[in-house]
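Residue numbers (this note's numbering): 205 to 534.
Heads up, the beta-carbon is just placed ideally off N, CA and C, and yes, glycines get one too.
Bear in mind the structure is a predicted one, so any value in this text is a computation, not a measurement.
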């Protein structure tokens, strides 16, 4: 049986129509894969032990649970070297790097899209086989331009987030095959059994959400720092207001900056007793995780303006399930 799973992103209020199923397939050749395979950089840690990570980088600054079975080991003390390692059963199953000085060989933060596409050729389809199960991911034209994934080695897939406004590499994440399928970053069709993350107990959800809130905060500051802007301080009251808005959108089944019960952003911040001269808000729904949401905001003009507004000094982030809210404050 062939089953198709479609992901719809509505942070931009844009809906993607499912393309007609096609039978032709483009893949990266084994020769091209070997050219990309390197022994340095954090991408090479996928498949290695957690001990190898500690030996190379020391103990993590923070450990956050994730939606996808692994724990995120977060290294955030130096924003120029900001990175995350996903650890499951003592092994690295995914990595993420956005700090401008992180070794992401053969890629580098700030590389132009021309340089990137000289190294790799984005493909419209990616096939993954795990045991008797086969999975096929379909990338849209937009995906191939701003968040393509390419097979890196036999069991590693690398996703590149490209800032479409300046045409440079914003961040990189890499997955092993199992994690890539669990996270499903694109529309996917599969034969056999669907590989999924373990169900999340209710008691664990808030810890996952809080981890993503801090990651969104950190990553926002990395982006601001590399563009020469002041980094933001955490605002706990604004974070609580953001969380309540994300939860209400989920509970009430709407997606809007205006709450039917609590009103506009200004109304909600006033209700939360947040002092401010200027405020802005980003919301998103349906992304893989907080990392994915921030990169989506960066490539959307209104959301990007908030991320890079030099007058803002504080930020509160609230995540509830797959709803994300940022409240920026001066």
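What first and last residue would you give for the beta strand (DSSP E) that runs through residue i?
i, result
"residue 279", "275-279"
"residue 493", "No beta strand (DSSP E) contains residue 493, which DSSP labels as neither H nor E."
"residue 374", "372-380"
"residue 395", "391-395"
Cα separation between residue i and residue j?
i, j, result
"residue 348", "residue 372", "14 Å"
"residue 240", "residue 361", "Because residue 240 sits at a pLDDT of 48, beneath the cut-off of 50, its placement in the model cannot be relied upon, and the point is left open."
"residue 303", "residue 291", "20 Å"
"residue 297", "residue 400", "15 Å"
"residue 517", "residue 436", "5 Å"
"residue 480", "residue 470", "9 Å"
"residue 359", "residue 410", "32 Å"
"residue 529", "residue 293", "32 Å"
"residue 331", "residue 533", "44 Å"
"residue 368", "residue 350", "6 Å"
"residue 504", "residue 461", "16 Å"
Quick one, are the C-beta atoms of residue i and residue j less than 9 Å apart?
i, j, result
"residue 424", "residue 511", "yes"
"residue 521", "residue 531", "yes"
"residue 387", "residue 493", "yes"
"residue 519", "residue 438", "yes"
"residue 276", "residue 254", "no"
"residue 288", "residue 300", "yes"
"residue 295", "residue 262", "no"
"residue 446", "residue 485", "yes"
"residue 376", "residue 394", "no"
"residue 415", "residue 270", "yes"
Rounded C-beta distance between residue i and residue j? I'm assuming under 8 Å.
i, j, result
"residue 433", "residue 380", "Their Cβ separation, rounded to whole angstroms, is 35 Å, which puts residue 433 and residue 380 out of contact at 8 Å."
"residue 426", "residue 279", "About 12 Å separates the two Cβ atoms, so there is no contact after all."
"residue 473", "residue 443", "Between residue 443 and residue 473 the Cβ distance is about 11 Å, and since that is not below 8 Å, they are no contact."
"residue 385", "residue 339", "5 Å"
"residue 451", "residue 464", "With 8 Å as the limit, residue 451 and residue 464 do not qualify as a contact, their Cβ atoms being about 14 Å apart."
"residue 419", "residue 495", "6 Å"
Can you tell me where the alpha helix (DSSP H) holding residue i begins and where it ends?
i, result
"residue 447", "440-456"
"residue 474", "469-475"
"residue 410", "406-430"
So does residue i have its beta carbon nearer than 8 Å to some heavy atom of the ligand NAP?
i, result
"residue 458", "With respect to the ligand NAP, the structure offers nothing, as it holds no ligand at all."
Continuous alpha helix (DSSP H) assignments of at least 4 residues falling wholly in the stretch 292-346 | Listed in chain order, the complete alpha helix (DSSP H) runs (minimum 4 residues) inside the stretch 292-346 are 317-323.
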